[in-house]
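Residue numbers (my numbering): 71 to 630.
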C-alpha cells in the first residue's frame, strides 16, 4: 500500500522512457479504482490496458495531478521537507484582492491617460468601454481555463494543451519577462509618490539604495507565504481605496460635468494613451498561476474574477470622475504619474494629499506582492511540468517557491532603473504577444476539445468564443502597431532569447546536466490534440478521476 499526499504538495516522479509502461499500468489501475468507488459520468467510456490514455491533452491534465513519489525521496529531489505542514489555501476574498492588485491596485498610474488623451473625455470613455472589450473577455477566458486546469502553471498549461510544450515555454518566458518588467515599476512609483507635492526627495545614490531595500523587504514578505500575502492584499485594498471615497465626497459639490467632455486633439498622444489604458486593464490571467494554491479553484476562481472586474472598474472611474470634474480642464497637461496626490491637496487640503500618498505607497506594496506571487508560482508550475529545472519547484517551509522568488526579485532589481514609459511600452508589447497565443489556445481548446470538463464555462458556443476574442486581439494589435522601433527590436531580442533558452533547456534535459521533474509524457508518435476519437471521449473520465474530488484529496488518499 503506497500512501500519497494531498495535491497541495504535488511532487513528481522522475521518469525515463522505460518507465512509461509502469506508469500507464498504474494509471489504468487508478482509473479502475476510481470507477469502482464512484459512479462514472453519463456517456463516458472505460479504459482498458489495450488502450491507455496517452493523448497529449490527457497527459496535460495529468500534469496537474501527477504521480507522487515516496516521502523519503522528497529531499533528494527538490530539497523540500518530507512532510510539510498543510498550508492555508486562498479563499474568495483574498483571491479577489490579489487579482485586483495583479490588474490595478487603484487609480495610481492612470494619471498619464488624461494628459496623453488630451483631456478627460478619452480616458473616461476608455475606462467605460475598454473593460467590456478587453478586461471582461480576458477575465472570462481566465475563469474558464483556470477552472479547467487548476494548476500553478496557469496559462502555460493552457497553451501546452493546445499547441504543445515549445509554444507553452515561449509564452511562459514572455509572460514572466513582462511580469518582471511590470514589477520593476512599483518601487520606483513608491518613491515617486513620496516625492510628489514637495515630499521626500532623495539624491540618485540614496534613491537606488532605497529601491534595493524596498525590493528586498517586499520579497521577504512574499517568501513568508502566499496566504499571508493574500490577507495583506485584502487589508491594503481597503486602505488604498479609502482616500478616494473621501475625495469623491469632497469633490461632489465642485464637479462641473462639462469638464468631462474636455478634449484637445492637438495634445493627444495615441501611443502613450493606449499604452496607459492597456497597462491599467491587463494581467487578468496572471492569477491563474495561483490556481494550485486556491481552495476549490473550480468554484472560487470564477467568483473572484468577476468580483475583481467590478472592483477594478469602480476604482478607476470614481476617482477619475471626481478629479477631472472638480478641477479646471486646463490642468490636463499636469496629469502625470503621482498627480492624484496633488488633486487631493487642491480638493481637500494637505491632509488628503498625505493620505493619498500613503495609500499609493501601500498600494505599490500590494502590486509588487501580487505580481511577485504570480511570477514565482508560474515558474514553480513550469518546473512541475518538467519545462525548467527542478530547483524552481523547491518550496520553503512557508510553502513558497524560494528559488523562483529569488530569480524574479533579481530581474526586478536589474530592470528597476529604466524609465516609467519605457517599461510600460516594452512590457505591453511582450505581454500582448503572449496574450495572442493564449486567446488562440482558448479558441482551439473550445473547437478541438469541446468535452473537456470546464466547471465554469462561458455561455457561448465555439463561434461566440472566437467572436469574443476579436476586440481584445484588435486592441493588442493596435498597441503593438503603435510601438516604437526600439520596442519592436527589444522584444524581438527577448523572443529570440526565449527560443534559444528553450532549446538550451531541452539540451540540458537530454544530457541530464540538471535535474528536472518529469510529468507523464505523450507517446513519441503523438501529435498535438487527442490522437483518437476514443481518447477524446475519455478526457472527461480521466479528469473526473484525477482532478475532481478536492475534498477527498485534502484528507489524503491511498492507492494500492
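We treat Cβ as the ideally placed atom computed from N, Cα and C, and that holds for glycine.
Which of the three DSSP states is assigned to residue 545 in this structure?
Helix, per DSSP.
Let me know the secondary structure DSSP gives residue 506 once reduced to three states.
Note: residue 506 maps to helix in three-state DSSP.
Hey, residue 324 and residue 417 are a contact pair by Cβ (cut 8 Å); roughly how many whole angstroms apart?
About 7 Å separates the two Cβ atoms, so the contact holds.
List, from N- to C-terminal side, the alpha helix (DSSP H) runs of 4 residues or more that fit wholly inside the stretch 420 to 501.
Taking only runs of at least 4 residues, the alpha helix (DSSP H) segments lying wholly in the stretch 420 to 501 are 420 to 454 and 472 to 485.
Could you tell me the alpha carbon to alpha carbon distance between residue 195 and residue 386, rounded to whole angstroms?
In a straight line, the C-alpha of residue 195 is about 12 Å away from that of residue 386.
Pairing CB atoms from the stretch 159 to 171 with CB atoms from the stretch 393 to 410, are three or more of them under 8 Å?
Touching, no, given that fewer than three Cβ pairs across the two stretches are closer than 8 Å.
Going by other Cβ atoms of all chains shown within 10 Å of its Cβ, with 16 needed for buried, is residue 572 buried or exposed?
Residue 572 comes out buried.
Can you tell me whether residue 563 is helix, strand or coil according to DSSP?
Helix at residue 563.
Taking only three categories from DSSP, how would you classify residue 280?
Note: residue 280 maps to helix in three-state DSSP.
Tell me where the alpha helix (DSSP H) around residue 350 begins and ends.
That run of the alpha helix (DSSP H) goes 340 to 351.
Does DSSP put residue 364 in a helix, a strand or coil?
The answer is strand: DSSP assigns residue 364 an E or B state.
What does a CB cutoff of less than 6 Å around residue 381 pick up in its chain, not counting 5 residues either side in sequence?
Once the five neighbours on either side are set aside, the close Cβ partners of residue 381 are 170.
On the three-state DSSP scale, how would you describe residue 587?
In the structure shown, residue 587 sits in coil (DSSP, three-state: anything other than H, G, I, E or B).
From this set, 447, 450, 365 and 395, which residue's C-alpha is nearest residue 328's C-alpha?
Considering only alpha carbons, the answer is 395.
May I have the straight-line CA-CA distance separating residue 433 from residue 175, to the nearest angstrom?
Computed Cα separation, rounded: 6 Å.
Which same chain residues end up closer than 7 Å to residue 349 when comparing Cβ atoms and leaving out the 5 residues on each side of it in sequence?
Cβ neighbours of residue 349 beyond the five flanking positions: 494 and 498.
Taking only the alpha-carbon atoms, compute the straight-line gap between residue 229 and residue 511 and give it to the nearest angstrom.
Using only the alpha carbons, I get a separation of about 5 Å.
Could you pull the DSSP bridge partners for residue 160 from this structure?
In the DSSP output, where bridge partners are listed per residue, residue 160 has 364.
Is it buried or exposed for residue 233, if we count other Cβ within 10 angstroms and need 16 for buried?
Per the 10 Å Cβ criterion, buried.
Within its chain, find whatever has a CB closer than 6 Å to the CB of residue 209; leave out the 5 residues flanking it on each side and keep chain order.
Once the five neighbours on either side are set aside, the close Cβ partners of residue 209 are 354, 375 and 379.
Would you mind stating whether residue 465 and residue 217 have Cβ atoms separated by less than 8 Å?
No, these two residues do not count as a Cβ contact at 8 Å.
From residue 458 to residue 578, what does the alpha carbon distance come to, in whole angstroms?
The alpha-carbon atoms of residue 458 and residue 578 are separated by roughly 10 Å.
Note down the Cα distance separating residue 289 from residue 463, rounded to an integer number of angstroms.
Whole-angstrom Cα-Cα distance: 17 Å.
In terms of residues, what are the limits of the alpha helix (DSSP H) holding residue 271?
No alpha helix (DSSP H) holds residue 271; DSSP gives it neither H nor E.
In angstroms with no decimal places, state the Cα-to-Cα distance between residue 297 and residue 452.
One C-alpha to the other measures close to 21 Å.
Distance check for residue 468 and residue 295, CA to CA, integer angstroms please.
Approximately 5 Å, taken between the alpha carbons.
Leaving aside the five residues before and after residue 515 along the sequence, list all residues of the same chain whose C-beta is less than 6 Å from its C-beta, in chain order.
Excluding residues within five positions, the ones whose Cβ falls inside 6 Å are 232.
Judging by CA-CA distance, which residue of 576, 549, 564 and 555 is the nearest neighbour of residue 340?
The option with the nearest alpha carbon to residue 340 is 549.
Does residue 201 pass the burial test, meaning 16 or more other C-beta atoms within 10 Å, or should it be called exposed?
The residue in question, residue 201, is buried, as its Cβ has 16 or more Cβ neighbours within 10 Å.
What three-state label does DSSP hand residue 333 in the structure shown?
Here residue 333 sits in coil by DSSP.
What does the alpha-carbon distance come out to for the pair residue 424 and residue 236?
Computed Cα separation, rounded: 49 Å.
Measuring CB atoms only, is the stretch 302 to 311 touching the stretch 269 to 282, in the sense that at least three cross pairs come out at less than 8 Å?
Cβ pair count under 8 Å is below three, so no.
May I have the straight-line CA-CA distance separating residue 140 from residue 178, to the nearest angstrom?
Because residue 140 sits at a pLDDT of 31, beneath the cut-off of 50, its placement in the model cannot be relied upon, and the point is left open.
Given this structure, state the Cα-to-Cα distance separating residue 581 from residue 291, to the nearest angstrom.
So the two alpha carbons sit approximately 37 Å from each other.
Whole angstroms are fine: how far does the CA of residue 552 sit from the CA of residue 505?
Between residue 505 and residue 552, the C-alpha separation is close to 17 Å.
Would you grab the beta carbon distance between residue 261 and residue 272 for me? Rounded to a whole angstrom, and I think it's under 8 Å.
Sure, about 7 Å apart at Cβ, within 8 Å.
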